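What follows is a single structure, written as structure tokens, with notes after it.
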Amino acid sequence: MSRTAGKGDVAALIFGVALMLIMPMLISTYTLTVLVIYGMLGLSLGLIWGFGGILCFGQAAFFGLGAYTYAVAAINIGESTLPMLLSILVPALFAALLGAMMFCGRLTDVYLGVITLVVTLILFKFTNSTAGPQYKIGEARLGGFNGIPGFHTLNVPGQPNAYIWGEPLYYVCAVALLVVFFFVTWLLRTPFGRIAVGIRENETRVSLMGYDVRARKTALFAIGAGIAGLAVGLFANWAEIVTPGLFSLGQSAEIIIWCIVGGLGTRFGPILGAAGLAYLKFMLGQQTMVDNTLITGIILVMFVLFLPKGIVPAVTSLWTVSFAKRTPKGRRHRSSARRRGGAHG
Amino acid sequence: MDLSFVILVEILYGIASLALISAGLAVVFGMMKVINLAHGEFMMMGGYATITAVNLGVNVFVAMLIVAPLVVGLIGLVVERLVIRHLYGRLVDTMLATWGLSLFFVGSVTMIFGNTTTSITTPIKGFSVGNYQINGYNFFIIFITICLLAGIYVLLKTTRAGLIARGTMQRSDIAAALGYSPDRIYMATFFFGSALSGLAGAVLAPLVGLVPTSGGIYIAKAFITVIAGGPSLIAGLISSAGLFGLVNQVFTFAISPVIGEVALLVAAVILLRLLPQGVTARFFKGKM
Amino acid sequence: MTVLNRRKFLGRGAALTGTTLTGAAMMPGFALAADTIKLGSILDTSGPFDAYGKPMDMAMRLAVSQINAAGGLLGKQVEVISYDTQSDMALYTQYGQQLTRKDRVDVVHGGILSASREAIRQTMRKTQTLYFYNVLYEGGVCDRNIFINGVTPAQQVEALVPYAMEKAGKKVYILAADYNYGQYMASWIKKFVADNGGETIGVDFFPLDVSDFGSTIAKIQTAGPDLVIAPLVGGNHLSFFRQWAAAGMKDRIPLASTTLGVGNEHKVLTPEEGNGIMVAYNYSQELDTPENNAFKEAWAAANDGDQSMHEIAVSNYHGLLTWAEGVRKAGSLDRDAIIAALETGVSITGPGGVVTVDPKTHHAVLDVHLMEIQDQRMRVIKSLPQRQPIDTQAVCDLEANPDDNTQYEIQI
Chain A
1 MSRTAGKGDV
11 AALIFGVALM
21 LIMPMLISTY
31 TLTVLVIYGM
41 LGLSLGLIWG
51 FGGILCFGQA
61 AFFGLGAYTY
71 AVAAINIGES
81 TLPMLLSILV
91 PALFAALLGA
101 MMFCGRLTDV
111 YLGVITLVVT
121 LILFKFTNST
131 AGPQYKIGEA
141 RLGGFNGIPG
151 FHTLNVPGQP
161 NAYIWGEPLY
171 YVCAVALLVV
181 FFFVTWLLRT
191 PFGRIAVGIR
201 ENETRVSLMG
211 YDVRARKTAL
221 FAIGAGIAGL
231 AVGLFANWAE
241 IVTPGLFSLG
251 QSAEIIIWCI
261 VGGLGTRFGP
271 ILGAAGLAYL
281 KFMLGQQTMV
291 DNTLITGIIL
301 VMFVLFLPKG
311 IVPAVTSLWT
321 VSFAKRTPKG
331 RRHRSSARRR
341 GGAHG
Chain B
1001 MDLSFVILVE
1011 ILYGIASLAL
1021 ISAGLAVVFG
1031 MMKVINLAHG
1041 EFMMMGGYAT
1051 ITAVNLGVNV
1061 FVAMLIVAPL
1071 VVGLIGLVVE
1081 RLVIRHLYGR
1091 LVDTMLATWG
1101 LSLFFVGSVT
1111 MIFGNTTTSI
1121 TTPIKGFSVG
1131 NYQINGYNFF
1141 IIFITICLLA
1151 GIYVLLKTTR
1161 AGLIARGTMQ
1171 RSDIAAALGY
1181 SPDRIYMATF
1191 FFGSALSGLA
1201 GAVLAPLVGL
1211 VPTSGGIYIA
1221 KAFITVIAGG
1231 PSLIAGLISS
1241 AGLFGLVNQV
1251 FTFAISPVIG
1261 EVALLVAAVI
1271 LLRLLPQGVT
1281 ARFFKGKM
Chain C
2001 MTVLNRRKFL
2011 GRGAALTGTT
2021 LTGAAMMPGF
2031 ALAADTIKLG
2041 SILDTSGPFD
2051 AYGKPMDMAM
2061 RLAVSQINAA
2071 GGLLGKQVEV
2081 ISYDTQSDMA
2091 LYTQYGQQLT
2101 RKDRVDVVHG
2111 GILSASREAI
2121 RQTMRKTQTL
2131 YFYNVLYEGG
2141 VCDRNIFING
2151 VTPAQQVEAL
2161 VPYAMEKAGK
2171 KVYILAADYN
2181 YGQYMASWIK
2191 KFVADNGGET
2201 IGVDFFPLDV
2211 SDFGSTIAKI
2221 QTAGPDLVIA
2231 PLVGGNHLSF
2241 FRQWAAAGMK
2251 DRIPLASTTL
2261 GVGNEHKVLT
2271 PEEGNGIMVA
2281 YNYSQELDTP
2291 ENNAFKEAWA
2301 AANDGDQSMH
2311 EIAVSNYHGL
2321 LTWAEGVRKA
2331 GSLDRDAIIA
2341 ALETGVSITG
2351 PGGVVTVDPK
2361 THHAVLDVHL
2371 MEIQDQRMRV
2381 IKSLPQRQPI
2391 DTQAVCDLEA
2401 NPDDNTQYEI
2411 QI
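Protein chains in written order, with the working numbering: chain A, 1 to 345; chain B, 1001 to 1288; chain C, 2001 to 2412.
Spelled out as structure tokens, the structure:
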């Protein structure tokens, strides 16, 4: 990766903007909005797992936490700007605390996965059991299993009555995704990002070089959670209801699967995986011939067997094999293959 | 006095059921390093196998203890040959594949059996302890779990097959050099693990209603128990199930079922923070 | 530009093929709009809630085919556009938008959980699409755009509690599902227990994923009630009834429930486990009325002899009939005309008896039957005709405030 913003970035920007403008002609914007939001959520895990090597089973915890933060804050404040900021900050802070606890305990690998999973389950069980009238934060009833409907949705900052919804909401989300994408790109080029990747490759070596591995992992973890928080702030505005289902095991697994299907260790892969699989689910719901879970299951198994590296790396390597000269692209691909094998050890 | 006996039985039952639902996963994940997200669905299919067999006139105990493990073991065998065997050593990919499998099983069972809850009657009558009525089936579950753990221990520790399996899991290249086929051994171990899951599902089936999605409630608990247990299979299962089962039941009695579940989860977080590699990485080292 | 338009057009055609009942599926949507009435249906027909959703879907299709066989409505055939939300709340939002903005349906029937209703209710209101929610629920929704015909807590409990207390005794223990419905239900039970001179000695709430009730059963025995009322919900909670029987409690303390059997759960319990449990609903397969017999026959004929109809499926069927009656009466498909027609107190006679629209609340006045489970059937003990939705009536008056748009929490 080159250090400065090069041709690749300009191309990516043009491609992104073009995609943002063209997609509404193919798919209705209300569906696109959620695809974009899921893309951002996929990217948040793609960053901390694909580049930081932190397998987080609990990305849904940040997703749900952000959603409840937004809903509770929006009901109490009645304006969306501060709640949006809170929905980014609260998950990030929570992740920083959780990360500090985990990484200082030198938890790694699946043990880390289990802790994040357990934290998600605790939050799920808690929100699920808040149906009683005693669970109230300010004006907002937590509502248990049924969730919180009817909160104030996104408005133009400072003008509580100028709601942003429908088509404009899509463009807000799409631009936010572009911003996050380039933020991640930038982050990975900074020394911080390079060291994060170094930690993924060999934690001991990096720590022997004198870097504080724990602090760096915690920071990366918090950034990922913040991105998930932004995604869910937008999600809450799109769905107009938040439910404990956001914290569920299924939601967590889905985010992980988006990353694997799209391609781990790439920036574009998780976005593509998320949007693609969510759209597939949406399309499947329109047919009634075969049970939908069955089809989704078969597709996932096929993926592991035939496209084990995910879509983006597969396409990249196909491209490399058929067109490109033996450029650095090929090298990058090989290193990503090694990494996935290494996840085991 | 009567009450404390009832509570004691409930605590033992809590521990036993936790160990029971985790045993299959302990083999598949603990030994083979396959993150089997379809573990719950294997249990669910064990339950359906039992109910189908009982409806066909098979004795309920035969159905639970023989038919269900065999059926689920065979399903596991097919799955291993078609999918899992390509994925050994690829921890993350096993996760995606087994998640896909779990959805596939939920979908297929829905198509075959429909989505209404099905179940069979508990085969053992309740009885009284002083003023209290107590579920006789609890004792059966405790008994089965003890037998099962003892059985696994004997199998792995004292038989040649167990020795070969353990050796292969540690160094499959050496095992191959000694003339054993790791491929076959992995296959057999996966069969064994699936059969254990099927057995657990079958034994629990009379207590809980079965729907195609009921596997989902077990997977997280089983995972937490296995991982908190650490590298030793039996000692790990007993210690983590013992701790979590105790915490869960005590809080359930004292406050409510939700708090009981949350207490279990909090205990897991604290435990893993203190013993990051699981209980048996620190204590009972080198035991089975 | 033309290329894009063609794709969009093809996409639309493809989306319709999977879902339409009529043979004209390949024609683009706008061409159909003129000669059929579009009915949107949005239900979980796969995933954990499909035990409720699938029979509801069958009931909806049965009603539509009967309406069409009888010549349709206003001389037009009814066309179904249905989506499977796969028990995923986010999909409700998406398909709700799809139905109202892209398919532009004339009416939407559907939603199962209260969360799913709240996920689409505002969309329906914003786009002025008439919405029917046909499920037994916790009550209190006050919105002129929605019609609800499921029984509400007061309608059930008002009948069930006095009967059960007379039979069992005055000390009551409540075990309720821990979500809104269960919470409301528990407070209504407490109220009626007190009104009938009894005492509630314990209330426990269980999240929907709890399936182990061993310690609870011990706890209940410590309290020693005369009667246990259990509004527990779903497959996991069904374990309670089996574990209760397995512990030998069934002959010691009688049980009543306001939810057991809604998804045909009583057919799953063996006679030893289920016999004697007291319930109260609008529908039972055992109702011996000409309407119900005809309904069961038509259902079996349409679904290869299947008999999986249950309370909510019948509610969905009632909802379809009520809407059709409203359209006939209004003589047009205009939303306001249909609402006005329905508000005259339209009445239909369905498998569950006479169902009348309550103009004040847009809820239903309906028969409630006291029943006892006997050999996997719900034996009707007593029928209480035409119960008013008194809980929602206490908070909601759409005649006085037609712009109301809230779900009230009913204070007792």
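Positions of the beta carbon are idealized from the N, C-alpha and C atoms, including for glycine. On a predicted model such as this, the values are computed, not experimentally measured, just so you know.
Hey, is residue i's beta-carbon within less than 8 Å of any beta-carbon in chain B?
| i | result |
| --- | --- |
| C/Gln2407 | no |
| C/Leu2238 | yes |
| A/Gly283 | It should be pointed out that residue 283 of chain A corresponds to Met in this sequence rather than to Gly. So, not an interface residue. |
| C/Ala2025 | Caution is warranted here: a pLDDT of 37 is assigned to C/Ala2025, below 50, making its placement in the model unreliable, and the coordinate value is therefore given only provisionally. Cβ-Cβ to chain B under 8 Å: no for C/Ala2025. |
| A/Arg189 | no |
| C/Ser2211 | yes |
| C/Pro2389 | no |
| C/Ala2033 | Residue confidence for C/Ala2033 is low, a pLDDT of 45 falling below 50, so the modelled location carries little weight; the figure read from the coordinates is stated next. Chain B contact via Cβ: absent. |
Quick check on this structure: which residue in the options has the alpha carbon closest to the alpha carbon of residue i?
| i | options | result |
| --- | --- | --- |
| B/Gly1089 | B/Thr1159, B/Phe1005, B/Val1034 | B/Val1034 |
| A/Ile241 | C/Arg2117, C/Lys2167, C/Met2056, C/Ser2041 | C/Arg2117 |
| C/Glu2273 | C/Gln2086, C/Gln2077, C/Asp2375 | C/Asp2375 |
| B/Thr1098 | B/Lys1221, B/Phe1253, B/Leu1025, B/Leu1204 | B/Leu1025 |
| B/His1204 | B/Lys1157, B/Phe1061, B/Ile1234, B/Val1247 | According to the sequence shown, residue 1204 of chain B is Leu rather than His. It is B/Phe1061. |
| A/Tyr135 | C/Asp2367, C/Leu2039, C/Asp2178 | C/Asp2178 |
| C/Val2368 | C/Asn2292, C/Ser2383, C/Asp2358 | C/Ser2383 |
| B/His1039 | B/Arg1282, B/Ile1066, B/Ala1195, B/Ala1053 | B/Ala1195 |
| B/Leu1037 | B/Ile1084, B/Asn1055, B/Thr1252 | B/Ile1084 |
| B/Ile1011 | B/Ser1108, B/Ile1021, B/Leu1103, B/Asn1138 | B/Asn1138 |
| A/Arg194 | A/Met25, A/Ser44, A/Val213 | A/Val213 |
Please check if any C-beta of chain A sits within less than 8 Å of the C-beta of residue i.
| i | result |
| --- | --- |
| B/Ala1016 | no |
| B/Thr1122 | no |
| C/Pro2231 | no |
Spell out whether any CB of chain C is found under 8 Å from the CB atom of residue i.
| i | result |
| --- | --- |
| A/Ala131 | yes |
| B/Thr1050 | no |
| A/Lys7 | no |
| A/Phe145 | yes |
| A/Pro168 | no |
| B/Lys1125 | yes |
| B/Ile1227 | no |
| B/Val1262 | no |
| B/Tyr1304 | Residue 1304 of chain B is absent from the model: chain B starts at 1001 and stops at 1288. |
With DSSP as the reference, identify every bridge partner of residue i, one or two as the case may be.
| i | result |
| --- | --- |
| A/Asn146 | According to DSSP, A/Asn146 bridges with nothing at all. |
| C/Cys2142 | C/Thr2406 |
| C/Gln2077 | C/Thr2036 |
| C/Glu2399 | Answer is none; C/Glu2399 lacks a bridge partner. |
| C/Asp2084 | C/Leu2043 |
| C/Ala2280 | C/Leu2370 |
| C/Ser2347 | C/Thr2356 |
| C/Met2378 | C/Ile2373 |
| C/Arg2387 | C/Leu2366 |
Check whether the Cβ of residue i lies closer than 7 Å to any heavy atom of the ligand ADP, and answer yes or no.
| i | result |
| --- | --- |
| C/Leu2238 | Ligands are entirely absent from the displayed structure, and the ligand ADP is therefore not among its contents. |
- Item | Length at least 4, wholly inside the segment 1155-1206 of chain B: the alpha helix (DSSP H) runs in chain order | 1160-1170, 1172-1177, 1182-1204
- Item | Contiguous beta strand (DSSP E) assignments of at least 3 residues, all confined to the segment 2168-2234 of chain C | 2171-2177, 2199-2206, 2227-2229
- Message: If we require 4 or more residues per run, which alpha helix (DSSP H) segments fall completely within the segment 1203-1250 of chain B?
- Response: 1216-1229
- Message: Using 8 Å as the cut-off, can you tell me whether the segment 235-253 of chain A makes contact with the segment 216-226 of chain A, which would need three or more C-beta pairs spanning the two stretches below that distance?
- Response: no
- Unbroken alpha helix (DSSP H) runs of length 4 or more, entirely within the segment 2283-2334 of chain C: which are they? 2290-2302, 2311-2330
- Any chance the segment 2155-2165 of chain C sits against the segment 2226-2236 of chain C, with 3 or more Cβ pairs inside 8 Å? The segment 2155-2165 of chain C makes contact with the segment 2226-2236 of chain C: 3 or more CB pairs, one atom from each, lie closer than 8 Å.
- What are the residues of the segment 1218-1242 of chain B that lie near chain E, defined by any Cβ-Cβ distance shorter than 9 Å? Of the protein chains in the structure, A, B and C, none is chain E.
- Does the count of Cβ pairs from the segment 290-303 of chain A and the segment 50-68 of chain A closer than 8 Å reach three? Contact between the segment 290-303 of chain A and the segment 50-68 of chain A is absent, because fewer than three Cβ pairs lie under 8 Å.
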